[in-house]
Amino acid sequence: EAQVTQNPRYLITVTGKKLTVTCSQNMNHEYMSWYRQDPGLGLRQIYYSMNVEVTDKGDVPEGYKVSRKEKRNFPLILESPSPNQTSLYFCASSSEGAEAFFGQGTRLTVV
Amino acid sequence: QKEVEQDPGPLSVPEGAIVSLNCTYSNSAFQYFMWYRQYSRKGPELLMYTYSSGNKEDGRFTAQVDKSSKYISLFIRDSQPSDSATYLCAMRVTSGTYKYIFGTGTRLKVLA
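In the order they appear, the protein sequences are chains A and B.
What the first sequence shows, in the working numbering, is residues 1 to 111, in sequence order.
What the second sequence shows, in the working numbering, is residues 112 to 223, in sequence order.
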């Protein structure tokens with residue numbers, strides 16, 4: 001079954017404690033992205049990758065890092081999380097012009 | 112001014128109605144136009160995808176792009192209660208970047 005898998009689904013953490021949200025896709029897609037979704041602001045792109053070792057900033061990259069060492073994986077790293085990074089995060093992948101598949105989401109709370 | 116504007120709703124319609132959802136945008140460089148449906152507590156799922164301008168139809172769904180007016184629409188015919196969800200428009204420019212801009216979404220309720 002074609003899917004994008006994010007882990008964890010829910011996470012509560014404390015300010016400043018480094019964390020990683022993993023994202024994996026099994027469709028051999030070149031393109032992957034991370035988004036955050038906040039009430040009233042919609043989905044905003046954090047980072048995207050057009051292939052292995054190729055990443056670039058989206059609209060809201062501050063406070064986040066990504067890496068793309070393998071085609072299937074695209075982890076999102078928060079080196080020093082802050083409360084304003086409390087949000088619902090989605091990973092997505094595609095092989096063409098549209099984001100065809102989104103993950104189930106990761107609800108992150110930073111206290 | 113936001114690059115993509117979308118009325119948040121909620122929009123309530125009776126079952127069987129034709130629904131019209133719209134987005135306006137300001138960046139004339141956008142070439143890819145998408146509509147996504149998002150159910151509560153789920154990730155968005157792609158409904159329609161159009162490159163450049165024109166119409167595209169898929170079952171009960173029709174997407175229209177009017178680049179001269181910077182306006183896109185999604186029409187849902189014979190709406191069903193299962194269509195109740197949030198509908199997001201999204202856009203991106205063509206080659207060289209994979210930067211996406213989403214609208215804030217319109218909540219739709221189809222009443223049985």
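For glycine and all other residues, C-beta sits at the position ideal for the given N, C-alpha and C.
Whole beta strand (DSSP E) elements within the region 54 to 84 of chain A, 3-residue minimum: 54 to 57, 76 to 78
Bridge partners - isoleucine 12 of chain A, DSSP secondary structure assignment: A:Thr109
Three or more C-beta pairs below 8 Å linking the region 189 to 204 of chain B and the region 142 to 152 of chain B: yes
Residues that methionine 50 of chain A contacts on chain B, provided the C-beta gap is smaller than 8 Å: Tyr209
Taking the alpha carbon of serine 190 of chain B as the point to measure from, which residue in B:Tyr209, B:Asn166, B:Phe213, B:Lys220 has its own alpha carbon closest? B:Lys220
Rounded C-alpha distance that separates threonine 20 of chain A from methionine 50 of chain A: 20 Å
Kindly indicate which three-state DSSP category proline 192 of chain B falls into: helix, strand or coil? helix
Spell out a yes or no on whether the region 57 to 73 of chain A and the region 20 to 29 of chain A are touching, meaning 3 or more CB-CB pairs, one atom from each, closer than 8 Å. yes
Output the distance between the C-alpha atoms of tyrosine 183 of chain B and glycine 40 of chain A, rounded to the nearest integer angstrom. First, the amino acid is wrong: residue 183 of chain B is isoleucine here, not tyrosine. Rounded to the nearest angstrom, the two C-alpha atoms are 20 Å apart.
From the DSSP secondary-structure annotation, give me the bridge partner or partners of valine 52 of chain A. Paired residue(s): none; valine 52 of chain A is not in a bridge.
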